[in-house]
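*Asks:* The structure is given below, and queries will be raised subsequently.
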Amino acid sequence: MLIKKSISIKKHRTSLSLEKEFWNALKIIAKEKKCSIESLVTKIDSERRASLASSIRVYLLKFYMKN
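Per our numbering, the very first residue in the sequence shown carries number 330; after that it's consecutive.
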């Protein structure tokens with residue numbers, strides 16, 4: 330099930346739909362990196378080559394494959 334949330338990226342509000350598990354993973358990684366979910370998503374956004382949601386999923390997959 331997709332969960333839609335509003336977040337700010339570079340002071341621009343946008344909505345993002347991700348599955349609950351991906352939101353949980355973002356929260357865990359942000360806590361580990363001592364940053365907010367919004368700042369983590371902003372970093373992912375600045376390096377993306379596909380849609381934001383897809384880029385986040387790929388980022389999370391790569392993060393967990395390294396650990």
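Ideal Cβ positions, reconstructed from N, Cα and C, are used throughout, including at glycine.
Can you check whether the CB of E348 is closer than 8 Å to the CB of L331?
*Replies:* Cβ atoms of L331 and E348: closer than 8 Å.
*Asks:* Compute the Euclidean distance between the alpha carbons of K356 and I366, then round it to the nearest angstrom.
*Replies:* 6 Å
*Asks:* Note the first and the last residue of the continuous alpha helix (DSSP H) segment covering K395.
*Replies:* DSSP places K395 inside the alpha helix (DSSP H), whose first and last residues are 381-395.
*Asks:* How close, in whole Å, do the beta carbons of L369 and K363 come, if the pair is a contact with beta carbons under 8 Å?
*Replies:* Not quite, the Cβ-Cβ distance comes to about 10 Å (not below 8 Å), so this is no contact.
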